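Okay, structure first, notes after.
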Amino acid sequence: MAAKKPKTSSAVKPAASSQTIGGYLIQRLQDHGLQHVFGIPGDFVLQFYGMLQDSPIEVIGATREDCAGYAADAYARVRGLGACCVTYCVGGLSLVNSIAGAYAEKSPVVVISGAPGMDERRNNPLLHHKVRDFNTQREVFEKITVANASLDDPLTAFREIDRCLAAALRYKRPVYMEIPRDRVQATAIYPHQPSSEETSSDPAVLQEALAEAKAMINSSRRPVIIAGIEMHRFGLGQEVVKLAEQAGIPMCSTLLGKSVVSEKHPLYLGVYEGAMGRETVRKYVEESDCVILLGAFMTDINLGIFTANLDLGKCLYVTSEQLRIRHHHYHDVLLTDFMQGLLHADLAPPKAKLPKSKDVTTAYKAKPDASITNRRLFARINELLDENMVVIADVGDCLFGASDLTIYRHTEFISPAYYTSMGFAVPASIGAQFANLKLRPLVLVGDGAFQMTCLELSTAVRYSFNPIIMVLNNKGYTTERFLQEGPFNDILNWNYHRLCDFLGGGKGYEVRTEGELEVALKSALANKDCFSLLNIHMEKLDISPALERLAERLSKKI
Ligand SMILES: Cc1ncc(C[n+]2csc(CCOP(=O)(O)OP(=O)(O)O)c2C)c(N)n1
Ligand SMILES: [Mg+2]
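Position one of the sequence shown corresponds to residue 1 (my numbering), numbered consecutively onward.
Dropping the structure here:
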């Protein structure tokens, strides 16, 4: 069977009438640059699927709805907006965990769900897939989205679509829209033109905040920037670099925001993550008298499970949700306006003396017969990365290990580093590749997380995608062993590399030594037409240097 190729932007199918509810939704998604929607059909959503089928947007079938959600999330992280489309309750409720993650980590995913027709709902019949009442699914999503709507009335549906999409883009969070199946073709009662709302900062507040920021930075001895994930979400990565260069301020990132700025930049210090991060970075930040946190979330994982030592009295903290300079809070200031203001603020702090060592790792030379260790594996991966790769790390020690990798450009590191739901990486690699066919995903995933969603590689086979999947096979839930050992941390040791036989595509490699790793990597890199799966055997208790550092420093504290 020839592999399916995704549609490209040159696809010329006519869109359905943009004055029907379904057609308008499709038109607006296209206007925002969306070319793919992830999901699984069902009878309540078939009418809308038919309409999608006749549009330039391609529906990408997933093996499970939660995988469709992870794929849409990664698509949104790379492209700025993603979408998934599923059937009522049995499909939608399976999406809940993935969409909760997208909410927590600010990824704008549009959830579209089919629903029973309005005419079918009379007398409250027991239709299949119904849970409690007809609104149950929508009420669940209300908690994990920033806007939601039932597109059941042609009088309001068109404005509701505009409202929900505007909210997704403004807040970078998921939104939920449900279309009763008898309303997909419903036409507008009045001709509808897309509307958009413009928000702006309060000029007086902005001015005062900038004045305080400038005074604080210019009178500091050693300022430092921490660039967080929102710099990427709001397209401000280049502004951060400009700001750092103009004012000569060194910068770090957070784990979630890793790769927001090029990690090869001379002013880049590394990832700041409290005791989990490198000592030079930790010291530089914690000894600074002016920490400029730009779009960073102060989450526990981001900050090394609360081992970070930041004095808020020395911080300037700005996100899309709040602006705080020392202990002063400012309202009604947009993140982008504040960033632009800082760029034009004539900042002139004292010239920075960068710490000498960035803890540069020495060149890797394989010892063919040596068993693979975590430390050596990551040293090898560091040499492997190039401009066209996107590293996608799942939860587990692979996430901590990945924090030490050197990433070249922005968006090249994707992980659920805050919500930390296992099983994200494999389906996310599918979404990332659809979002940008030039990117080759390098997926780092533990054996436990892999067991959760590995079948999504089926989609990689269908579309001849070529992610390189490294399964860090340490025979169970090592991160959890480190917290509390017990038989519940053991899992069955699968022949991961043989998944290819089962799926009818991909190439598998079993790796125990550094020599075998070299052979497998050489072959995987050359193999551009299908996925490569490396089953990398590791010792149960062999943990990454980052997790070791955390363990060591925590033990000193206790
Ligand atoms: C969906 C989900 N279930 C459970 C957990 C709790 N948890 C965190 S890490 C972990 C073990 C991960 O195992 P594995 O993927 O093999 O990585 P390792 O820790 O061995 O490196 C578990 C169970 C979680 N984060 N997400
Ligand atoms: Mg494991």
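For each residue, glycine too, the CB sits at the ideal point set by N, CA and C. All values reported here derive from a predicted model rather than from experimental measurement.
Verify the contact flag: M422, CB atom, against every heavy atom of ligand 1, threshold strictly below 7 Å.
-> yes
Can you name the start and end residues of the alpha helix (DSSP H) that A460 belongs to?
-> L457 to R462
By how many angstroms is the C-alpha of H497 removed from the C-alpha of L354?
-> 45 Å
Compute the distance between the beta-carbons of A449 and G431, then report whether it is under 8 Å.
-> no
What do you reckon, are the CB atoms on C67 and T453 nearer than 8 Å?
-> Yes, these two residues count as a Cβ contact at 8 Å.
With DSSP collapsed to three states, give me the class of E387.
-> coil
Measure from the alpha carbon of W494 to the alpha carbon of each residue in L483, P487, L503 and G476, then state which is nearest.
-> G476
Exposure of S403, with buried meaning 16 or more beta-carbon neighbours within 10 Å | Per the 10 Å Cβ criterion, buried.
Please state whether DSSP places C290 in a helix, a strand or coil.
-> strand
Would you check if there are 3 or more beta carbon pairs closer than 8 Å linking the stretch 202-213 to the stretch 333-342?
-> yes
Which listed residue (H329, V395 and V96) has its alpha carbon closest to that of K143 | V96
Own chain partners of P427 with C-beta closer than 6 Å, once the 5 adjacent residues on each side are dropped = C67, Y70, A71, T453 and E456
Whole-number beta carbon distance between N473 and N374, since they are thought to touch under 8 Å = Not a contact, Cβ separation roughly 12 Å.
Run through DSSP, which three-state label would I305 get?
-> Note that I305 scores a pLDDT of 49, beneath 50, so its modelled location is shaky and nothing firm can be said.
To the nearest angstrom, report how far apart E510 and G92 are at their CA atoms.
-> If I take the Cα positions, the gap works out to 37 Å.
Count the other CB atoms, across all protein chains shown, that sit within 10 Å of the CB of E514; report buried if there are 16 or more and exposed otherwise.
-> With 16 or more other Cβ atoms from the protein chains shown falling within 10 Å of its own Cβ, E514 counts as buried.
With a floor of 4 residues, list each alpha helix (DSSP H) that falls wholly inside the stretch 369-457, ordered by position along the chain.
-> 374-384, 397-402, 425-435 and 447-453
Selected residue, minimal CA-CA separation from R181, among G22, I381, Y330 and L405 = G22
Selection from L255, R77, P125 and F44 that minimises the alpha carbon distance to V90 | Comparing Cα-Cα distances from V90 to each of L255, R77, P125 and F44, the minimum goes to F44.
Excluding the five sequence neighbours on either side, which residues of its own chain have a C-beta within less than 6 Å of the C-beta of D152, listed in chain order?
-> A distance below 6 Å between beta-carbons, with the five flanking residues on each side excluded, links D152 to the following residues of its chain, in chain order: M118, P180 and R183.
Exposure of N466, with buried meaning 16 or more beta-carbon neighbours within 10 Å = buried
Burial state of F141, where buried means 16 or more other Cβ atoms lie within 10 Å = buried
Going straight from the alpha carbon of Y88 to that of G101, what length do you get?
-> 20 Å
Does the stretch 535-549 come close enough to the stretch 375-382 to have 3 or more Cβ pairs within less than 8 Å?
-> yes
Identify which residue in E239, R326, A425 and R159 has its Cα closest to the Cα of P194.
-> R159
Is it the case that the CB of G560 approaches a heavy atom of ligand 1 more closely than 7 Å?
-> Lying before the first or after the last residue shown, residue 560 is absent from the chain, which here runs from 1 to 558.
Which word fits F559, buried or exposed, when buried means at least 16 other C-beta atoms lie within 10 angstroms of its C-beta?
-> With the chain running from 1 to 558 in the structure shown, residue 559 is simply not present.
Inspect the beta-carbon positions of V205 and D332 and report whether they are closer than 8 Å.
-> A contact, by the Cβ cut-off of 8 Å.
Residues near E263 in its chain [Cβ-Cβ closer than 6 Å; skip 5 each side] | T406 and I407
Since H129 is in the beta strand (DSSP E), which residue starts that stretch and which ends it?
-> Segment: none, H129 is in no beta strand (DSSP E) and carries neither H nor E.
Short Cβ contact (8 Å threshold) for N388 with L439 = yes
Check: Y477 C-beta below 7 Å from any heavy atom of ligand 2 = Yes - ligand 2 has a heavy atom lying nearer than 7 Å to the Cβ of Y477.
Run the CB neighbour count on I189, radius 10 Å, all protein chains shown included, and call it buried at 16 or more, exposed below.
-> exposed
At a cut-off of 7 Å, is D394 close to ligand 2 when judged by its beta-carbon and the heavy atoms of the ligand?
-> no
If we ignore side chains and look at the alpha-carbon of each, how far apart do P125 and M298 end up?
-> 47 Å
With a 10 Å radius around its C-beta and 16 neighbouring C-beta atoms as the bar for buried, classify N148 as buried or exposed.
-> buried
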